[in-house]
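> Residue numbers (our numbering): 231 to 835.
Okay, here's the thing in structure tokens:
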């Protein structure tokens, strides 16, 4: 599978032609307990298997821990030489706290990725973090009531009844302090074509509510539901796959006291012609659209979907397949809703140019403006060599709106195209006229290297300060290990402070899930603080693949300390050492004196 991951973007499309041959071959049928079951591999999601969101992509391509954990271990040994090392405690960076490993594993698989973090506007000490945890069927949630110093969790989020697994977390608070969580919920459904039957994956978006800061959650509500059906009249099988949800909450433009919940997502609609004479399925036409649903009653019910982007069509194996993907949204103080997304343009994804795009709604998501291109930028490949994790989602623009109504976006792009050894930098652009025009994107990573940056995130304080965090490989000569860096602008994006390192230890992506860190990292901003969350693989250096979610904040956190009792005495006296403020939940800590290990212990909760 590692060889598969090294294929070029054209190779990705070429491989789909092989899947096409499988689909176009007659479906072989066996009978089990009187039912006809399709034998062999009939993958109806093949046309979108490389462009769906991360955790879904990981599972569809059987690169998740259940199917591929052995590869993680072998690959980690290849790149590390197989020698586990201890991780020394380091002082935090000058502008941020020490790092706290928030997530921990309660099952077999020590992998958590793709964090999303939100801060309660009614209680800024209340934080919620959601993430993909491969020990659960759905995502997991962690809750802090003291500004991120301590955390409760993981709280496993159930998928919809009848579904099997979930992923792609999204979080938001309303102005009253109610929390909302959304995730994809995926299950398998039977579909019959004449006398042939087989299963397909169906994805929906489930929404959950909490009125106690995230400690307890409602049962899920279906916000958007995927479908599969056969049209005898048109002789087609249509599969609608719902992907990559994002959520924002803000004032209704006609009723500013009320908050609306907005969910954007990518809809892939695949239309397979049925060749009745055989029967078998022909090559599908795929339609892709960014869509939106909204709730005006606190998530109890949702509207019918509204198209946010144009709909683009492509055929399996086509040389150019224009797609839109990776929507994100934000609401201005006056209730204007902005939605950004990635547009691959006609040359297709991972090739040539792309367009970070924005559109907006003045009527609460009922209608949208014509899309506006922020700029045309060079794409980079599916991953960032020499590593194998998918990084192309970094090109999806991240959005925030300031208190004065300015709209800000950040995204990653190849600065000069294929001729530049620097594959990816972070760019910033702003609009001061409601999204109609945009400043020329400026590079905000200030390194002098040709090394890569990815997964930017952006937030704005109520005083108008713009905060940006991103992953950065500037400190690694071989362009593999990444740290988290931060910068901010105090003048609405006109100028930026020098970049500051946030992480106190680098992460090697090969020490976790080598193919996947998530599709994004996260930032949350309050009046008092800035919180940054990311996928962190430092514990993988202990000798076994591992990825956790780490957090840092701008305010300091209590540093680890030890208390020795008695503090003095004759040689041979028994000594009790008690530690405070270490990473919790059974992390192993070693105590050394002059290079000699004296003791080790596991931390408690």
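Glycine residues also receive a C-beta, built at the ideal position from the N, C-alpha and C atoms.
What's the C-alpha gap between residue 437 and residue 806?
Taking the chain shown and counting its residues from 1, one reaches residue 437 at position 207. Taking the chain shown and counting its residues from 1, one reaches residue 806 at position 576. Cα-Cα distance, rounded: 49 Å.
> Please classify residue 700: does DSSP put it in a helix, a strand, or coil?
Counted from its first residue, the chain shown places residue 700 at position 470. Strand.
> Given a threshold of 16 other Cβ atoms within 10 Å of its Cβ, counted over all protein chains shown, does residue 853 qualify as buried or as exposed?
Limits of the chain in this structure are 231 at one end and 835 at the other, which puts residue 853 out of reach.
> Would you tell me roughly how many angstroms separate the C-alpha atoms of residue 452 and residue 826, rounded to the nearest one?
Sequence index remark: in the chain shown, residue 452 carries index 222 (1-based). Sequence index remark: in the chain shown, residue 826 carries index 596 (1-based). Taking the straight line from one Cα to the other gives about 57 Å.
> In whole angstroms, what separates the C-alpha of residue 405 from that of residue 529?
Position 175 of the chain shown, counting from 1, holds the residue named residue 405. Position 299 of the chain shown, counting from 1, holds the residue named residue 529. So the alpha carbons of these two residues sit roughly 14 Å apart.
> Taking residue 286 as part of the alpha helix (DSSP H), name the residues at either end of that continuous run.
Here residue 286 refers to the residue found at position 56 of the chain shown. 284–290 is the span of the alpha helix (DSSP H), which, as asked, contains residue 286.
> By a C-beta neighbour count over all protein chains shown, 10 Å radius and 16 as the cutoff for buried, is residue 801 buried or exposed?
For the purposes of this step, residue 801 is taken as the residue at position 571 of the chain shown. It is exposed - the Cβ of residue 801 has fewer than 16 other Cβ atoms within 10 Å.
> Straight-line CA distance for residue 730 to residue 515?
Taking the chain shown and counting its residues from 1, one reaches residue 730 at position 500. Taking the chain shown and counting its residues from 1, one reaches residue 515 at position 285. If I take the Cα positions, the gap works out to 47 Å.
> Grouping DSSP H, G and I as helix and E and B as strand, with all else coil, what is residue 531?
On the chain shown, residue 531 is found 301 positions in, with the first residue counted as 1. Of the three classes helix, strand and coil, the one that applies to residue 531 here is coil, per DSSP.
> Would the beta-carbon of residue 673 fall within 9 Å of that of residue 639?
Within the chain shown, residue 673 is the residue found at index 443, counting from 1. Within the chain shown, residue 639 is the residue found at index 409, counting from 1. Taking 9 Å as the Cβ cut-off, residue 673 and residue 639 do not qualify as a contacting pair.
> Quick one: grab the DSSP three-state call for residue 299.
For the purposes of this step, residue 299 is taken as residue 69 along the chain shown, with counting starting at 1. Helix.
> Let me know the secondary structure DSSP gives residue 686 once reduced to three states.
If you number the chain shown from 1, residue 686 lands on position 456. Strand.
> Got a sec? Which residues, its chain only, sit under 6 Å from residue 338 by beta carbon, not counting five neighbours each side?
What you label residue 338 is simply residue 108 of the chain shown in a count that begins at 1. If we look at residue 338 and ignore the five residues flanking it on each side, it has no Cβ neighbours.
> Report back the beta-carbon spacing between residue 749 and residue 284 to the nearest angstrom; my notes put them in contact at under 8 Å.
As a working mapping, residue 749 is identified with position 519 in the chain shown. As a working mapping, residue 284 is identified with position 54 in the chain shown. Correct: roughly 4 Å between the Cβ atoms.
> Taking Cβ to Cβ, would you say residue 691 is nearer than 9 Å to residue 700?
Walking along the chain shown from the start, residue 691 turns up at place 461. Walking along the chain shown from the start, residue 700 turns up at place 470. Contact flag unset, no.
> If you check the beta carbons only, do residue 572 and residue 582 fall under 9 Å apart?
Translated into the one-based positions of the chain shown, residue 572 becomes position 342. Translated into the one-based positions of the chain shown, residue 582 becomes position 352. No, they are not a contact pair.
> Could you tell me which uninterrupted beta strand (DSSP E) segments, each at least 3 residues in length, are contained entirely in the segment 739–764, listed from first to last along the chain?
Fully enclosed beta strand (DSSP E) runs of 3 or longer: 752–755.
> Does the pairing of the segment 612–626 with the segment 694–713 give three or more beta-carbon distances under 8 Å?
Judged by Cβ distances under 8 Å, the segment 612–626 makes contact with the segment 694–713, as three or more pairs qualify.
> Going by other Cβ atoms of all chains shown within 10 Å of its Cβ, with 16 needed for buried, is residue 646 buried or exposed?
As a position in the chain shown, residue 646 is number 416, starting the count at 1. By the neighbour-count rule (16 or more Cβ atoms within 10 Å), residue 646 is not buried but exposed.
> Report buried or exposed for residue 671, applying the criterion of at least 16 other Cβ atoms within 10 angstroms of its Cβ.
Stepping through the chain shown from its first residue, residue 671 is reached at position 441. With 16 or more other Cβ atoms within 10 Å, it is buried.
> So which of 734, 793, 527 and 469 has the shortest CA-CA distance to residue 331?
Against the chain shown, residue 331 aligns to sequence position 101. Nearest C-alpha to residue 331: 734.
> Quick check on the DSSP output: the beta strand (DSSP E) that includes residue 420 runs from which residue to which?
Within the chain shown, numbered from 1, the residue matching residue 420 stands at position 190. Residues 409–423.
> What is the C-beta distance between residue 364 and residue 341, in whole angstroms, given that I count them as a contact (C-beta under 8 Å)?
As a working mapping, residue 364 is identified with position 134 in the chain shown. As a working mapping, residue 341 is identified with position 111 in the chain shown. Contact holds; Cβ gap of about 5 Å.
> What is the DSSP secondary structure of residue 692, counted as helix, strand or coil?
The residue you call residue 692 lines up with position 462 of the chain shown. The answer is coil: DSSP assigns residue 692 none of H, G, I, E or B.
> Less than 6 Å between C-beta atoms, sequence neighbours within five positions excluded: which residues of the same chain meet that for residue 727?
Here residue 727 corresponds to residue number 497 of the chain shown, with the count starting at 1. The answer, listed in chain order, is 717 and 718.
> Does the beta-carbon of residue 738 have 16 or more other beta-carbons within 10 angstroms, so that it is buried, or is it exposed?
Reading the chain shown from its first residue, position 508 is the one you call residue 738. With 16 or more other Cβ atoms within 10 Å, it is buried.
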